[in-house]
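If you count by the working numbering, then the sequence shown holds residues 1149 to 1533, one letter each, in order.
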Amino acid sequence: MMNRIINKKCILMVFLVALSLLVGGCGATTDSLSPSEKTSTEDKLAKDPIIETGGLEIHHLNVDQADSTLIITPNGKSMLIDAGERSSGEKVVQYLKQIGISSIDKLVITHAHEDHLGGAVAVMNNFAVGEVLDSGIPHTSETYIDYLSYIDEHDIDFVVPRAGDMINLDSELDIVVVNSGQEGDDLNNASISLHITYNDFTYLTTGDAEEAAEKRMVNHFNIKSDVLKVGHHGSATSSESFFLEEVNPSVAIISYGEGNSYGHPHVEVLERLTTVGTNRVYHTIRGPIVVKSDGLQFEVTGEAYTAEPSASIDEKPNTTNENLININTADYETLQIITGVGDVIAQRIIDYRNVHGAFKSIEEIKKVSGIGDATYQKMSDEITI
Ligand SMILES: [Zn+2]
C-alpha cells in the first residue's frame, strides 16, 4: 500500500544526489521552464466541456507523439497520467483548464522519457498537485532533473509505487499498480502501469512497457480490460500477442503523432489487435478520445482509427528519404556513418540482424548492446527501417 509515502523525501533526495553525481561532470545545468519557453497552443482540443457529474471519465489527450491521459473519478478526483512533451505542456494545461480541472490529486509519470514527462513542470506550475507517482528508475536528462528539482523545491509528495500496490484515489475504483520500475529495468519497462476497475468496467494503461514488463503483468495480475490504452504509441516492441490475449480488450486507444518518424502505430500491433478480436481502435491524432463509464457500460467519443497510408503494410515513413540509413539493409561501413556507431557496434547490429531478423522498429536498435537511450536519441533522426 501507500505507506511508502513516509519515505518520500528520502527517495527524492537519493534521486537528486545520485543524478547530480552522474551529470556533475557533464556540465549539465538545470533551468526551470520559463513562460517564454512555453509554446503557444494550437487549439485542437475539445471545445465543449465533457464533464458530467458522476461516473468515470478517461480523457486521452491529443499531444502528438507523446502521452497524456486524465482520469476523473466518480467522486470528482483527478489523476493525470503523463503530461506530454515539454513543448506540449501548455496544451495539456489548457485542456485541463478548459474542462474545469482546478487541481490534480495524483500526477503519475509512467517513466522518465521526455514524451511522458516533458510537460510535468508546466502542469505542476498551473495546478496544485497532491502527489507525484514516479517509476523509480531515474534518467540523467535535463528534463528529468528539472522535474525532480521542481518537486523538491515545492515540497510535493513523491511516491514510488511497487507492482501490487493499490492507488487510493476514489473508494468506487480499484486502481492496481500492475507494473512499476524494478532494478535493472530500462526506462520503458519501468513504466507504471495501472489496471482500473469500476464495477463491471475495466481499463488498462501501460505507458511504454515492452515485452519484459508485459510478461510480468500477465504472470502476476488479472489484466482483462474492456479498454486498453495501447502501450508505447503502438510500437511493435510492445503489445505482444500473449499480452493482448490476456487483456482481450474490446476497445483500443493509441496515442501517437501523425506521420511520426517511428512509423507508429506499427501494422503488426494493429494485426495483433484484430487477431484477439479488438475491432474498435481509436487514435488521438486529431483530438482527444474520451471514455465514459457508469460502471456497467461505457462509451467512447473521438475519432476511430482507419487504415490510412501511414499505417499500411507497405508504407514505411521516411523510407523515401534517401538521407536516412536503413538499419536492416546497411552494410558494415554504412552503419558506421550513424552517430554513435563505430566498428564494434556496427558488427553487433549485423550480428543482431543475423540472430533476430530485421528490426521491426528503429527503437529496437536499443536492444543492441552498447546502444542506450542517450545514443538512440542522437541517432534516431538518422535511421529508418
Ligand atoms: Zn513514449
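For each residue, glycine too, the CB sits at the ideal point set by N, CA and C.
Serine 1135 - partner residues in DSSP beta bridges: The structure shown does not extend to residue 1135, since the chain is modelled only from 1149 to 1533, so the question has no answer here.
What's the C-alpha gap between phenylalanine 1507 and lysine 1515? Residue 1507 sits at position 359 when you count from the first residue of the sequence shown. Residue 1515 sits at position 367 when you count from the first residue of the sequence shown. Using only the alpha carbons, I get a separation of about 10 Å.
Nearest neighbour of glutamine 1242, chosen from Asp1479, Ile1433, Leu1281 and Ser1216 [CA to CA]: The sequence position of residue 1242 within the sequence shown is 94, counting from 1. The option with the nearest alpha carbon to glutamine 1242 is Ser1216.
I'd like to know if the stretch 1412-1421 and the stretch 1374-1392 are in contact, where contact means that at least 3 CB-CB pairs between them fall below 8 Å. With the cut-off at 8 Å, the stretch 1412-1421 and the stretch 1374-1392 touch.
Where leucine 1342 and glycine 1518 are concerned, what is the direct C-alpha to C-alpha distance, given to the nearest angstrom? Stepping through the sequence shown from its first residue, residue 1342 is reached at position 194. Stepping through the sequence shown from its first residue, residue 1518 is reached at position 370. So the alpha carbons of these two residues sit roughly 31 Å apart.
For a test of your reading of the model: does the CB of histidine 1381 fall under 7 Å from any non-hydrogen atom of ligand 1? Yes or no. On the sequence shown, residue 1381 is found 233 positions in, with the first residue counted as 1. The answer is yes for histidine 1381.
Go ahead and label aspartate 1333 buried or exposed: buried means 16 or more other beta carbons lie within 10 angstroms of its beta carbon, across all protein chains shown. For the purposes of this step, residue 1333 is taken as residue 185 along the sequence shown, with counting starting at 1. By the 10 Å Cβ count, aspartate 1333 comes out buried.
DSSP state of leucine 1335 mapped onto helix, strand, coil: As a position in the sequence shown, residue 1335 is number 187, starting the count at 1. Correct three-state label for leucine 1335: coil.
Where does the unbroken beta strand (DSSP E) through arginine 1420 begin, and where does it stop? Looking up residue 1420 in the sequence shown gives position 272. Per DSSP, arginine 1420 lies in no beta strand (DSSP E); the unbroken alpha helix (DSSP H) holding it starts and ends at 1415-1423.
By DSSP's criteria, phenylalanine 1306 is part of a beta bridge. Which residues make up the other side? Indexing the sequence shown from 1 puts residue 1306 at position 158. For phenylalanine 1306, which the question treats as bridged, DSSP gives the partners Val1280.
Given serine 1289 as reference, the closest of Gly1407, Glu1331, Asn1347 and Arg1234 once Cα atoms are compared: Translated into positions along the sequence shown, residue 1289 becomes position 141. Out of Gly1407, Glu1331, Asn1347 and Arg1234, Arg1234 has the C-alpha closest to the C-alpha of serine 1289.
For valine 1503, which beta-bridge partners are listed by DSSP? The residue labelled residue 1503 in the question sits at position 355 within the sequence shown. Within the DSSP secondary-structure output, valine 1503 pairs in no beta bridge.
Say the cut is 7 Å; is the CB of aspartate 1333 nearer than that to a heavy atom of ligand 1? Along the sequence shown, read from residue 1 onward, the residue named residue 1333 stands at position 185. No, Cβ of aspartate 1333 sits at least 7 Å from all heavy atoms of ligand 1.
DSSP three-state assignment for lysine 1464, whether helix, strand or coil: Within the sequence shown, residue 1464 is the residue found at index 316, counting from 1. Bear in mind that the predicted position of lysine 1464 carries a pLDDT of just 39, short of 50, making it too unreliable to give a figure here.
Please determine whether the Cβ atom of histidine 1431 lies at a distance below 7 Å from any heavy atom of ligand 1. For the purposes of this step, residue 1431 is taken as residue 283 along the sequence shown, with counting starting at 1. No, ligand 1 has no heavy atom inside 7 Å of this Cβ.
Considering only the alpha carbon of each residue, which of Asn1347, Ala1452 and Ala1361 lies closest to glycine 1203? Against the sequence shown, residue 1203 aligns to sequence position 55. Closest option to glycine 1203, Cα to Cα, is Asn1347.
Close Cβ partners of histidine 1287 (< 6 Å) along its chain, the five nearest in sequence each way excluded: The residue given as residue 1287 occupies position 139 in the sequence shown. Cβ neighbours of histidine 1287 beyond the five flanking positions: Ala1260.
Best match in Leu1228, Gln1525 and Asp1521 for proximity to serine 1250 [C-alpha to C-alpha]: Residue mapping note: residue 1250 aligns to position 102 of the sequence shown, counting from 1. Closest option to serine 1250, Cα to Cα, is Leu1228.
Helix, strand or coil: which one does DSSP assign to tyrosine 1298? Counting from one through the sequence shown, the residue named residue 1298 turns up at place 150. Tyrosine 1298: helix per DSSP, three-state reduction.
Close-in-space but distant-in-sequence residues of the same chain around isoleucine 1493 (CB under 6 Å, 5 per side omitted): If you number the sequence shown from 1, residue 1493 lands on position 345. Hits under 6 Å: Gly1518.
Beta carbon of glutamate 1359 nearer than 8 Å to that of glutamate 1331: Working through the sequence shown from its first residue, we reach residue 1359 at position 211. Working through the sequence shown from its first residue, we reach residue 1331 at position 183. A distance of 8 Å or more separates the beta carbons of glutamate 1359 and glutamate 1331.
Looking at the structure shown, is arginine 1428 part of a helix, part of a strand, or coil, going by DSSP? On the sequence shown, residue 1428 is found 280 positions in, with the first residue counted as 1. Arginine 1428: strand per DSSP, three-state reduction.
Cβ-heavy atom distance, aspartate 1212 to ligand 1, below 7 Å: Along the sequence shown, one-based indexing puts residue 1212 at 64. If you check the C-beta of aspartate 1212 against ligand 1, you find no heavy atom less than 7 Å away.
In this structure, does DSSP put aspartate 1318 in helix, strand or coil? Looking up residue 1318 in the sequence shown gives position 170. Three-state result, aspartate 1318: coil.
Residues with a Cβ closer than 5 Å to any heavy atom of ligand 1, in chain order? By the rule of a C-beta closer than 5 Å to any heavy atom of ligand 1, the residues picked out are Asp1263 and Asp1356.
Is the stretch 1397-1407 close to the stretch 1206-1222, with three or more CB pairs under 8 Å? Of all C-beta pairs linking the stretch 1397-1407 to the stretch 1206-1222, three or more are shorter than 8 Å, placing the two stretches in contact.
Given a cut-off of 8 Å, decide if threonine 1354 and asparagine 1327 are closer than it, judged by their beta-carbon atoms. The residue labelled residue 1327 in the question sits at position 179 within the sequence shown. The residue labelled residue 1354 in the question sits at position 206 within the sequence shown. The answer is yes: Cβ separation under 8 Å.
Residue range of the alpha helix (DSSP H) that includes alanine 1360: Position 212 of the sequence shown, counting from 1, holds the residue named residue 1360. Bounds of the alpha helix (DSSP H) holding alanine 1360 are 1359-1368.
Mind checking whether the beta-carbon of arginine 1496 lies closer than 7 Å to any heavy atom of ligand 2? This structure simply doesn't include ligand 2; it includes ligand 1 instead.
Other residues of its chain near glycine 1443: CB distance less than 8 Å, five sequence neighbours each side excluded: Here residue 1443 refers to the residue found at position 295 of the sequence shown. For glycine 1443, the CB contacts under 8 Å within the same chain, skipping 5 residues up- and downstream, are Gly1203, Leu1204, Pro1222, Glu1320, Tyr1346, Asn1347, Asp1348 and Phe1349 in chain order.
DSSP state of serine 1235, grouped into three classes? Counting from 1 along the sequence shown, the entry for residue 1235 is found at position 87. Of the three classes helix, strand and coil, the one that applies to serine 1235 here is helix, per DSSP.
Please identify the residue among Gly1266, Asn1274 and Val1256 whose C-alpha is closest to the C-alpha of glycine 1248. To locate residue 1248, count along the sequence shown from 1; it is residue 100. Nearest C-alpha to glycine 1248: Asn1274.
Near isoleucine 1323, which residues of its chain fall below 7 Å by C-beta distance, leaving aside the five closest residues on each side in sequence? For the purposes of this step, residue 1323 is identified with residue 175 of the sequence shown, where counting begins at 1. Same-chain partners within the cutoff: Met1314, Ile1315, Leu1317, Leu1342 and Ile1344.
Identity of the residues DSSP links to threonine 1345 by a beta bridge: Here residue 1345 corresponds to residue number 197 of the sequence shown, with the count starting at 1. DSSP output for threonine 1345 lists Asp1322 and Thr1350 as bridge partner(s).
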